[in-house]
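For reference, the structure is listed below as structure tokens.
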Amino acid sequence: MATIELNQLVKRYGKVEAVKGIDLAIEDGEFVVFVGPSGCGKSTTLRMIAGLEEISGGTLKIAGNVVNEKEPKQRNIAMVFQNYAIYPHMTVRQNIGFGLYTSKLDKAEKNRRIEEAGRVLGLEALLDRRPAALSGGQRQRVAIGRAMVRDPSAFLFDEPLSNLDAQLRSQMRIEIKRLHQRLKTTTVYVTHDQVEAMTMADRIVVMKDGHILQVGTPSELYETPADVFTARFIGSPSMNLLRGKRTTNSVTQSADGDLLIGIRPHDLLVGEGEATQGSFSLEGTVTAVEPLGPETLVHLDTPTTSVIATARGKAIPTVGSRLQCEAHAGALYLFDAKTEKLLGRA
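My numbering puts the first residue of the sequence shown at 119, with every later residue one more than the last.
So this is what it looks like as structure tokens:
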């Protein structure tokens, strides 16, 4: 296991700066997820850690040692890719053990590691099969097993679940999390899926345009986002945003206000009568509904914007009907309309 330190790390492609002087300290045994839209620099950062991209500026340390000039094989890390990168002509056993063929371990130790990886990953009965006979989830486990047997100081995952269907992604999220809890190996994971980030990470790193916007636990980023981008990127469905202003005793909608009012859909509730005194309320026309069993997501058009609210219970609002929604005290996020930075809650 190892710490990983990024100090003013930069990556340039010609005149284009893809990663712009980022700083981050990843603790020994920590599971850190980089998240952000395509092109934000998260995969480039991971590839610099792996040694697959040359570092243009700054310092990268693994286990306290500067590794800027070290080859990937000298960094004692293992990377799992999006496309599995397993060999179709080899068995599962051979694929898992591929990285050990040039090692100085004796044959018995190599076999022990392969068997152990197969047992931990639920592949024991499949070790003599070829990849064509495996499901997508099983192939991904083979790729993870090949990384495991090297006993690396850190695992690097580059969007490993993006090729799987929704059910398999959900299953593999849990399996990777359990594997980390068992091995306690430092793990750096890249994804564009905020659900993966929220459910798997000890800490999340939010990136945009080559910069780190915020680092924190999933609950910290959800409850106290530093800016509008983070607030809308973390949480599903995305946070509603309305223009507004603060008066003496309340916050109100205002087309020319100096605030952006953020309300998470699960905090904007469809009312069953008069609005509660002191709450933030708005009225709109239902344009779509998404029944989810115990609750329904309700899409509404208001005079100034479109929002998503939540209707509790089994009653499903009718498209075209007019509804009043409210958010109780403490549910509003207030952002500066110019800087888009968080000012506080109301």
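C-beta atoms are modelled at their ideal positions from N, C-alpha and C, and glycine is treated no differently.
Note that the stretch 141-158 touches the stretch 312-320; at least 3 beta-carbon pairs, one per stretch, sit closer than 8 Å.
A120 is classed as buried because its beta carbon has at least 16 other beta carbons within 10 Å across all chains shown. L410 sits exposed, since fewer than 16 C-beta atoms from the chains shown fall within 10 Å of its C-beta. If you compare the alpha carbons of C158, F149, E148, I122 with that of A136, the shortest gap goes to C158. In the DSSP assignment, H298 falls within the alpha helix (DSSP H) that extends over 284-301. Secondary structure of N183 (DSSP, three-state): strand.
If you draw a straight line from the Cα of G132 to the Cα of S174, it is about 10 Å long. The beta carbons of V369 and L450 sit about 6 Å from each other, so the pair counts as a contact at 8 Å. About 7 Å separates the beta carbons of A203 and A261, which is inside the 8 Å limit, making them a contact pair. Taking a contact as a CB-CB distance under 8 Å, the pair N194 and P270 counts as one, their CB atoms being some 6 Å apart.
In terms of CA proximity to Q289, G255 leads the group E187, F273, G255. Listed in chain order, the non-local C-beta contacts of E123 below 6 Å within the same chain comprise A143, K179, local neighbours out to five positions each way being set aside. Within the same chain, and ignoring the five residues on either side of L239 in sequence, the residues whose Cβ sits closer than 6 Å to its Cβ are R259, G263.
Assigned with DSSP and collapsed to three states, V151 falls in strand. For G263, the uninterrupted alpha helix (DSSP H) run begins and ends at 254-266, by DSSP. Shown here, N213 sits in a helix according to DSSP, grouped into three states.
The continuous beta strand (DSSP E) containing M325 extends over residues 321-326.
Inter-residue distance for T457 and L400 is about 25 Å (C-alpha atoms, whole angstroms). Non-local C-beta neighbours of L452 in its own chain, meaning closer than 6 Å and more than five positions away in sequence, comprise L377, L461, G462, A464, ordered along the chain. In terms of Cβ geometry, V425 and L387 do not form a close pair [threshold 8 Å]. Note that the C-beta distance between G389 and Q442 is below 8 Å. L415 sits in a strand when the DSSP states are folded into three classes.
Excluding residues up to 5 positions away in sequence, I140, D141, L142, V323, V324 lie with their Cβ nearer than 8 Å to the Cβ of I330 in the same chain. Beyond the five residues adjoining it in sequence on each side, T335 comes within less than 8 Å, by CB distance, of A319, D320, R321, I322 in the same chain, given in chain order. In the three-state reduction of the DSSP assignment, E172 falls in the coil class. According to the DSSP secondary-structure assignment, H329 is paired through a beta bridge with K326. Burial state of D419 is exposed, judged by a 10 Å Cβ sphere holding fewer than 16 other Cβ atoms. Residue burial annotation: Q126 is exposed, with fewer than 16 other C-beta atoms found within 10 angstroms of its C-beta.
Inter-residue distance for H298 and N281 is about 21 Å (C-alpha atoms, whole angstroms). For the pair F398 and G448, the Cα-to-Cα distance works out to about 10 Å.
Going by C-alpha positions, T162 is about 20 Å away from E148.
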